[in-house]
Structures are given as C-alpha cells and as structure tokens.
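In this note's numbering, the protein residues as written are 53 to 276.
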C-alpha cells in the first residue's frame, strides 16, 4: 500500500511541479504570475517531502525500516554540499561549517543528506537566529561522527526521551493545556531511522551553558 500511494501522489506532485516550471518559463506571464508559479513549485516540493516522510513513517511502523543503498563517498564533501543547500534555502541563518580533511565512508548519500538536512532544519526552527549553527564531521576510530549544534532553549532530559517519537510528541502536545504545538518531529524520527539503518545512533546533549548538540555516529564501513 505505501508503494501504491507513493506512485500515485508522486505522479500528481510531479505534474504540478512540471506545470509550475512551464509557467515560470512562459514569456507571456508577468513578474507577479511567475512569482506565483515559483511559490507553487516550492509548496509542491514541501508537500512532496512531507509525503516521503509519512511513507517512511508507515514503513517503519510496519517493521520494514528504511532501506539504504551504500556508496563509498567523502562524508566531508557531502556535509559541505548539504550545508550549502540549506543555507541557500534559508538565507537568514548563519552557519559555521567546521571543514576537516576528506572523510571516506560507506553511506547512502541521499539518505545521509536527509539526516544532515533534517537536523539543520530542526536547529533553524528551535535555535537562536542571532547565533550561528555549527555543523561538523569527523571520525573517532572506525566511527563517523556528524554534529549539528545550535543555541536555543535547552531540551530537558524528559523531552529528550520522546524527542524522536512522533506519537509520544503528539500525545504530550494534546495533553498540554494551551501549549504551542512544536510539530510531530517527523524530521527527527526519520533522521534516527536512517541512522539506525547505517548501524548508528543519534545522541542529544543540551544545556543552557553549552547549547544543544545532535551527534550522529555510525561505522564508516558496514559491519559484516
């Protein structure tokens, strides 16, 4: 069923995006109409990502997990590219990328890009916009480590226990009288599941003095 929905919804969104692309190139349209076409394309892309996240959630709930297709890549270059893409989409933010030497690793580049992007978007939403977001990649022995740090309201130890659980977050949000909903946290859930598919884990460290750091760690090469 998830595959069927994936094809049907994906085809519809592709048609919308293609139509929007054609409108942006149409010479008879004015600046206002072309701007609307760009907004349509952007909205379609957001819906597409939401559909992908929901389908991933459904697969995980069915016990299927997230399938990864590993390639030998330079993790440092991958991080740099994702940082550039996120900064382009969010020009208001300040990101410090702590570049290191080449970091060879066997990962699914598309899925690992999603992990980094999701963690950066989470930092943008919950961090202090006046202070920089820090992104870095390094290795500790045979483990690759990616860190995304932000300054914002600290995450309590109790919150960390359900931070990656969309159902628990929804339950707590519904019980919170008058509390502002912070979303289901699908991005964090997907990031955790992708990392788990790489035989890794995500740990969170948060305090008023040190800020909040999401640390992703996984073997640079798959275990046999």
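Quick reminder that beta carbons are idealized off the backbone N, C-alpha and C, glycines included.
>> Helix, strand or coil for residue 146? Go by DSSP, reduced to three states.
In response: Sequence index remark: in the chain shown, residue 146 carries index 94 (1-based). Here residue 146 sits in coil by DSSP.
> Using 8 Å as the Cβ pair cut-off and three pairs as the minimum, do the segment 162 to 172 and the segment 203 to 222 touch?
Replying inline: Flag = no, the segment 162 to 172 and the segment 203 to 222 do not touch.
>> What does the alpha-carbon distance come out to for the pair residue 266 and residue 180?
In response: For the purposes of this step, residue 266 is identified with residue 214 of the chain shown, where counting begins at 1. For the purposes of this step, residue 180 is identified with residue 128 of the chain shown, where counting begins at 1. In this structure, the alpha-carbon of residue 266 lies about 15 Å from that of residue 180.
> Using CA coordinates, which residue listed in 195, 140 and 256 is at the minimum distance from residue 207?
Replying inline: Taking the chain shown and counting its residues from 1, the one referred to as residue 207 is at position 155. When each option's Cα is compared against that of residue 207, the closest is 256.
>> Whole angstroms are fine: how far does the CA of residue 197 sit from the CA of residue 177?
In response: For this step, residue 177 is matched to residue 125 along the chain shown. For this step, residue 197 is matched to residue 145 along the chain shown. Residue 177 and residue 197: Cα-Cα distance of roughly 23 Å.
> On the three-state DSSP scale, how would you describe residue 256?
Replying inline: Translated into the one-based positions of the chain shown, residue 256 becomes position 204. The three-state reading of DSSP puts residue 256 in strand, counting E and B together.
> Under the three-state reduction of DSSP, which class applies to residue 250: helix, strand or coil?
Replying inline: Walking along the chain shown from the start, residue 250 turns up at place 198. Residue state, collapsed to three classes: coil.
> Among 242, 157, 186 and 274, which has the Cα closest to the Cα of residue 262?
Replying inline: Along the chain shown, one-based indexing puts residue 262 at 210. Closest by alpha carbon: 186.
> Would you report the Cα separation of residue 210 and residue 252, rounded to the nearest angstrom?
Replying inline: Walking along the chain shown from the start, residue 210 turns up at place 158. Walking along the chain shown from the start, residue 252 turns up at place 200. Within the model, the alpha-carbon separation for residue 210 versus residue 252 is close to 22 Å.
> Over what stretch of residues does the beta strand (DSSP E) that includes residue 198 continue unbroken?
Replying inline: As a position in the chain shown, residue 198 is number 146, starting the count at 1. Counting along the chain, the beta strand (DSSP E) containing residue 198 begins and ends at 195 to 202.
> With a Cβ-Cβ cutoff of 8 Å, do residue 135 and residue 147 count as a contact?
Replying inline: As a position in the chain shown, residue 135 is number 83, starting the count at 1. As a position in the chain shown, residue 147 is number 95, starting the count at 1. Result yes, Cβ atoms of residue 135 and residue 147 sit closer than 8 Å.
>> In the DSSP assignment, the beta strand (DSSP E) including residue 165 goes from what residue to what residue?
In response: Locating residue 165 in the chain shown gives position 113, counting from the first residue. Careful: residue 165 lies outside any beta strand (DSSP E), inside the alpha helix (DSSP H) at 161 to 178.
>> Please identify the residue among 194, 269, 218 and 143 whose C-alpha is closest to the C-alpha of residue 184.
In response: In the chain shown, residue 184 corresponds to position 132, counting from 1. For residue 184, the nearest C-alpha among the options comes from 143.
> Thinking C-beta only, is residue 194 closer than 8 Å to residue 272?
Replying inline: Taking the first residue of the chain shown as position 1, residue 272 is located at position 220. Taking the first residue of the chain shown as position 1, residue 194 is located at position 142. Cβ atoms of residue 272 and residue 194: closer than 8 Å.
>> Need the endpoints of the alpha helix (DSSP H) that residue 213 sits in, please.
In response: On the chain shown, residue 213 is found 161 positions in, with the first residue counted as 1. Run containing residue 213: 209 to 214, per the alpha helix (DSSP H) assignment.
>> On the CB-based measure, 16 or more other CB atoms within 10 Å of its CB, does residue 243 come out buried or exposed?
In response: Position 191 of the chain shown holds residue 243. It is buried - the Cβ of residue 243 has at least 16 other Cβ atoms within 10 Å.
> In chain order, what residues of the same chain have a beta carbon less than 6 Å from the beta carbon of residue 157, not counting five sequence neighbours either side?
Replying inline: Counted from its first residue, the chain shown places residue 157 at position 105. Non-local C-beta neighbours of residue 157 in its own chain, meaning closer than 6 Å and more than five positions away in sequence, comprise 127, 196 and 272, ordered along the chain.
> From residue 238 to residue 216, what does the alpha carbon distance come to, in whole angstroms?
Replying inline: Residue numbering aside, residue 238 sits at position 186 when the chain shown is read from its first letter. Residue numbering aside, residue 216 sits at position 164 when the chain shown is read from its first letter. The alpha-carbon of residue 238 is positioned some 8 Å away from that of residue 216.
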